[in-house]
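Colleague:
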Amino acid sequence: MKRYVPMALALAVALVPAPGVKAEGKTAWIHVRVEEPGKESKVSVNIPLPVAEAALALAPETVASGGCIHLGSKGRKLSLVDLRRAWKELRATGDAEIVSVEDRDQTVKIDRLGDKVRIHVEGRAKAESINVEIPTTAVDALLSGEGETFNLRGALAEIRNLRGDIVRVDDRDSKVRIWIDEGI
Amino acid sequence: MLLKIGMVLAAIPLSVMALVAATGVVVVDVQEKGPGGHHLIVPVPLVLAQAAAGFVPEEKTHVDLGEAQRYLPVAEEMVRALGECPDGELVRVEERDQKVRIAKVGTTLVIHVTEETKGEDVSVTVPLSMASTVLREARRGSLNAATLVSTLRGARLTTLADVRNGDQHVRVTVW
């Protein structure tokens, strides 16, 4: 009889759900990976989306952008009001190249393909590339702020439903990847 | 008559033991390595620690976090949300000679730091309830030591800290 006691206890422990674990539904996680092979360094951050949302719930409704988005390395600027106007027109047009800036050091391209807006930056000198993919609905939300402000919270609310890569940065020294999925 | 006196005398330590068991005990276990190394075990009843913490002078409990103060509600809200999320690894940093890992395990945050070249291994377990209390207290501008000690009652059967290096092994456990 006694030999069954440890087995029964082990079974009981296994059947008790761990505290804090929700059985229903899957939680989305934002993952960030940064690798710097030269420094033998790897950083991995995984944040449950509800935690990010909880932080944002107390953040300001809109984020001041300073009014301008800087494009390229020569100080080219695009007014947020202009961008909002351009986006409104492009939204109706369909797939198109929104911005293309080429200079001696880098190429910046922003285009729309299906339900995604893609930002691609290619640096010449440092052999680096940055790829960002954002759903059009998130851009809608981001640009829904008034005047010269971004609606960051609105954009993140849209990103909640996104799964897959959002940002990829590859350069000679480091690799960065940001994506959303439903597991560690 | 003698039996009654004996029962009363026996009841006193038994009551004290029951009180200590009911309120919890923090055990600090220090073990020195090598031949002749000391092994020190210090059990501190939580009720006693809480009473002692009550004597901390009021002026010593004030905290000034400056600019960070306004982020405390955000941190508090994040800790609350984290408590409702599934377990998982939150942060992992791997460098040439150091590894850091922070994970949510049940109702605790487990922080593990390893420095291979120094032979050091540090593991700290922070109950989320304790983190919430610290943040809430800090938001008011003071950290009440007695309140902090009382949060340890919610962390029973937890090893709060486990530190190993070349010379010794220190463990702090709440029973």
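Those sequence lines, one after another, are chains A and B. Take 1 as the starting number for the first sequence in this note's numbering and just add one per residue. Take 1001 as the starting number for the second sequence in this note's numbering and just add one per residue. Beta carbons are placed, not taken as given, at the ideal position from N, Cα and C, and that holds for glycine.
Find the residues of chain A that neighbour residue 1130(B), judging by a C-beta separation of less than 7 Å, and give them in chain order.
Modeller: If you number the second sequence from 1, residue 1130(B) lands on position 130. Within chain A, no residue comes near residue 1130(B); the closest Cβ sits about 14 Å away, beyond 7 Å.
Colleague: Helix, strand or coil: which one does DSSP assign to residue 1175(B)?
Modeller: Numbered from its first residue, the second sequence carries residue 1175(B) at position 175. Of the three classes helix, strand and coil, the one that applies to residue 1175(B) here is coil, per DSSP.
Colleague: Roughly how many angstroms lie between the CA atoms of residue 1108(B) and residue 1026(B), to the nearest whole one?
Modeller: For this step, residue 1108(B) is matched to residue 108 along the second sequence. For this step, residue 1026(B) is matched to residue 26 along the second sequence. Their backbone Cα atoms lie some 17 Å apart in a straight line.
Colleague: For a test of the three-state rule: what should DSSP assign to residue 195(A), helix, strand or coil?
Modeller: With chain A covering only 1 through 184, there is no way to say anything about residue 195(A).
Colleague: How many angstroms separate the CA atom of residue 1128(B) from the CA atom of residue 1080(B)?
Modeller: For the purposes of this step, residue 1128(B) is identified with residue 128 of the second sequence, where counting begins at 1. For the purposes of this step, residue 1080(B) is identified with residue 80 of the second sequence, where counting begins at 1. Computed Cα separation, rounded: 8 Å.
Colleague: Quick check: the Cα distance between residue 1103(B) and residue 124(A), rounded to an integer number of angstroms?
Modeller: As a working mapping, residue 1103(B) is identified with position 103 in the second sequence. As a working mapping, residue 124(A) is identified with position 124 in the first sequence. One C-alpha to the other measures close to 39 Å.
Colleague: Can you give me the Cβ contacts of residue 165(A) inside the same chain, cut-off strictly under 6 Å, excluding the 5 residues immediately before and after it?
Modeller: Stepping through the first sequence from its first residue, residue 165(A) is reached at position 165. Cβ neighbours of residue 165(A) beyond the five flanking positions: 179.
Colleague: How would you label residue 9(A), buried or exposed, when you count the other beta carbons within 10 angstroms and need 16 or more for buried?
Modeller: The count along the first sequence starts at 1 and reaches residue 9(A) at position 9. Residue placement at residue 9(A) cannot be trusted, given a pLDDT of 35 that sits under 50; the coordinates are not used to answer.
Colleague: Determine, using beta carbons only, whether residue 1172(B) and residue 1074(B) come nearer to each other than 9 Å.
Modeller: In the second sequence, the residue the question calls residue 1172(B) occupies position 172. In the second sequence, the residue the question calls residue 1074(B) occupies position 74. Not a contact, by the Cβ cut-off of 9 Å.
Colleague: What's the call for residue 1057(B), buried or exposed, on a 16-neighbour Cβ count within 10 Å?
Modeller: In the second sequence, the residue the question calls residue 1057(B) occupies position 57. Classification for residue 1057(B): exposed.
Colleague: Do the stretch 1148 to 1165 of chain B and the stretch 1114 to 1131 of chain B touch if we need at least three Cβ pairs shorter than 8 Å?
Modeller: The stretch 1148 to 1165 of chain B is in contact with the stretch 1114 to 1131 of chain B.
Colleague: Can you tell me which of 1061(B), 1039(B), 1052(B) puts its alpha carbon nearest to the alpha carbon of residue 1138(B)?
Modeller: Residue numbering aside, residue 1138(B) sits at position 138 when the second sequence is read from its first letter. Answer by Cα proximity: 1061(B).
Colleague: Might you give, ordered along the chain, the residues of its own chain that have their beta carbon closer than 6 Å to the beta carbon of residue 177(A), omitting 5 neighbours on each side?
Modeller: Along the first sequence, read from residue 1 onward, the residue named residue 177(A) stands at position 177. 33, 168.
Colleague: Can you name the start and end residues of the beta strand (DSSP E) that residue 1025(B) belongs to?
Modeller: Counted from its first residue, the second sequence places residue 1025(B) at position 25. Run containing residue 1025(B): 1025 to 1032, per the beta strand (DSSP E) assignment.
Colleague: Look up residue 164(A) in the DSSP assignment and say whether it is helix, strand or coil.
Modeller: Translated into the one-based positions of the first sequence, residue 164(A) becomes position 164. Three-state result, residue 164(A): strand.
Colleague: Three-state secondary structure (DSSP) at residue 140(A)?
Modeller: Here residue 140(A) refers to the residue found at position 140 of the first sequence. In this structure, residue 140(A) counts as helix in the three-state DSSP scheme.
Colleague: Is the stretch 108 to 123 of chain A close to the stretch 80 to 98 of chain A, with three or more CB pairs under 8 Å?
Modeller: A contact exists between the stretch 108 to 123 of chain A and the stretch 80 to 98 of chain A.
Colleague: Please work out which residues of its chain come closer than 8 Å, Cβ to Cβ, to residue 90(A), disregarding the five sequence neighbours upstream and downstream, and give them in chain order.
Modeller: Counting from 1 along the first sequence, the entry for residue 90(A) is found at position 90. Result list for residue 90(A): 96, 98, 112, in chain order.
Colleague: According to DSSP, is residue 118(A) helix, strand or coil?
Modeller: Taking the first residue of the first sequence as 1, we reach residue 118(A) at position 118. DSSP places residue 118(A) in strand when its eight states are reduced to three.
Colleague: Does the separation of the CB atoms of residue 142(A) and residue 150(A) fall below 9 Å?
Modeller: Here residue 142(A) is taken as the residue at index 142 of the first sequence, counted from 1. Here residue 150(A) is taken as the residue at index 150 of the first sequence, counted from 1. Result yes, Cβ atoms of residue 142(A) and residue 150(A) sit closer than 9 Å.
Colleague: Quick one, which of 103(A), 48(A), 139(A), 105(A) has its alpha-carbon nearest residue 119(A)'s?
Modeller: Translated into positions along the first sequence, residue 119(A) becomes position 119. Minimum Cα distance to residue 119(A) is reached at 139(A).
Colleague: Let's test the definition: count the other Cβ atoms within 10 Å of the Cβ of residue 1067(B) and tell me whether it reaches 16, buried, or not, exposed.
Modeller: Sequence index remark: in the second sequence, residue 1067(B) carries index 67 (1-based). Under this definition residue 1067(B) is an exposed residue.
Colleague: Buried or exposed, going by whether 16 or more other CB atoms sit within 10 Å of the CB of residue 1012(B)?
Modeller: Taking the first residue of the second sequence as 1, we reach residue 1012(B) at position 12. Burial call: exposed.
Colleague: Which chain B residues sit within Cβ distance under 8 Å of residue 57(A)?
Modeller: Here residue 57(A) is taken as the residue at index 57 of the first sequence, counted from 1. Near residue 57(A) (Cβ distances below 8 Å), the residues of chain B are 1077.
Colleague: Give me the Cα-Cα distance between residue 1023(B) and residue 1106(B), rounded to the nearest whole angstrom.
Modeller: Taking the first residue of the second sequence as position 1, residue 1023(B) is located at position 23. Taking the first residue of the second sequence as position 1, residue 1106(B) is located at position 106. Distance between the alpha carbons of residue 1023(B) and residue 1106(B): 22 Å.
Colleague: Does DSSP put residue 24(A) in a helix, a strand or coil?
Modeller: On the first sequence, residue 24(A) is found 24 positions in, with the first residue counted as 1. Reliability of the predicted coordinates at residue 24(A) is poor, the pLDDT of 44 falling under 50, and the value obtained from them is presented with this limitation in mind. Looking at residue 24(A) - three-state DSSP - the assignment turns out to be coil, as it is neither helix nor strand.
Colleague: Can you check whether the CB of residue 152(A) is closer than 9 Å to the CB of residue 53(A)?
Modeller: By 1-based counting over the first sequence, the position of residue 53(A) is 53. By 1-based counting over the first sequence, the position of residue 152(A) is 152. No, they are not a contact pair.
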